[in-house]
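S.K.: Structure in structure tokens, see below.
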Amino acid sequence: MGSGKTTIGKLVAQRLGRPFIDLDKEIEKKENRSINDIFDQDGEEYFRQVEAEVLKSLQPERYMVVATGGGIILNEANRQEMKDKGHIIYLNVPIEKLASRLNEDYERPLLKNKEKEESLLELNKERQPLYRDGAYELDTGNLTPLQAAKEIVEVVK
50 MGSGKTTIGK LVAQRLGRPF IDLDKEIEKK ENRSINDIFD QDGEEYFRQV EAEVLKSLQP
110 ERYMVVATGG GIILNEANRQ EMKDKGHIIY LNVPIEKLAS RLNEDYERPL LKNKEKEESL
170 LELNKERQPL YRDGAYELDT GNLTPLQAAK EIVEVVK
């Protein structure tokens with residue numbers, strides 16, 4: 050979260066002439082409620098089930114750029130689904146930069162009522178090995194979104 054997946058993903062899709070899909074937005078459409086409401090009303094486990102269903106429903110022959118939520122990789126089946134359907138790009142951003150970007154963001158379910166930098170460090174420790182599994186890692190800490198998009202386009206061509 051806060052890595053620039055949506056911003057960079059839209060730029061990549063534009064450069065490749067492909068549709069852009071924000072998986073969280075697709076989940077919200079399917080559930081007819083916000084991610085926060087899903088977490089608050091049904092919990093993270095339910096959200097992860099819906100997330101997996103929506104990911105599985107994507108058609109790889111459509112050649113799309115998809116921005117997923119950061120927790121999608123917690124499920125082995127999701128990681129395999131993404132590997133089977135295309136390229137995985139891990140946008141690696143230093144924790145301090147993420148915390149700064151998310152400082153005024155109170156809408157992230159996994160950061161609500163928590164110390165952001167500490168929570169991000171915990172999430173990163175748990176998830177980073179999974180992010181790297183089969184992914185091209187791009188350190189975007191010192192890149193503009195446009196620079197990151199250009200590099201990703203070169204990787205996937």
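For the sequence shown, the tail end lands on 206 under the working numbering, and the numbers increase by one without skipping. In this text, a Cβ means the ideal position worked out from N, Cα and C, and glycines have one as well. Keep in mind that this is a model prediction, so the values were computed, not measured.
Just the Cα atoms here: how many angstroms apart are residue 53 and residue 146?
M.R.: For the purposes of this step, residue 53 is taken as residue 4 along the sequence shown, with counting starting at 1. For the purposes of this step, residue 146 is taken as residue 97 along the sequence shown, with counting starting at 1. Between residue 53 and residue 146, the C-alpha separation is close to 11 Å.
S.K.: Check the C-beta distance from residue 173 over to residue 144 and give it rounded, since I have them as a contact under 8 Å.
M.R.: Mapped onto the sequence shown, residue 173 falls at position 124. Mapped onto the sequence shown, residue 144 falls at position 95. The pair is a contact, with the Cβ atoms about 6 Å apart (cut-off 8 Å).
S.K.: Could you check how far apart the C-beta atoms of residue 137 and residue 66 are, in whole angstroms? I think they sit under 8 Å.
M.R.: Translated into positions along the sequence shown, residue 137 becomes position 88. Translated into positions along the sequence shown, residue 66 becomes position 17. With a Cβ gap of about 21 Å, residue 137 and residue 66 do not count as contacting.
S.K.: Can you name the residues that DSSP bridges to residue 69?
M.R.: Here residue 69 refers to the residue found at position 20 of the sequence shown. According to DSSP, which records beta bridges pairwise, residue 69 is partnered with 114.
S.K.: In whole angstroms, what is the alpha-carbon distance linking residue 98 and residue 129?
M.R.: Start at 1 with the first residue of the sequence shown, and residue 98 comes out as number 49. Start at 1 with the first residue of the sequence shown, and residue 129 comes out as number 80. Their Cα atoms are separated by approximately 15 Å.
S.K.: Which whole runs of the alpha helix (DSSP H) in the segment 82-137 are 4 residues long or more, in chain order?
M.R.: Here the runs fully enclosed are 84-106, 125-134.
S.K.: Mind checking which residues open and close the beta strand (DSSP E) that includes residue 164?
M.R.: Working through the sequence shown from its first residue, we reach residue 164 at position 115. Note, residue 164: premise wrong, no beta strand (DSSP E); not H, not E.
S.K.: When burial is assigned at 16 or more other CB atoms within 10 Å of the CB, is residue 193 buried or exposed?
M.R.: As a position in the sequence shown, residue 193 is number 144, starting the count at 1. The residue in question, residue 193, is exposed, as its Cβ has fewer than 16 Cβ neighbours within 10 Å.
S.K.: Does residue 92 pass the burial test, meaning 16 or more other C-beta atoms within 10 Å, or should it be called exposed?
M.R.: The count along the sequence shown starts at 1 and reaches residue 92 at position 43. That one is exposed.
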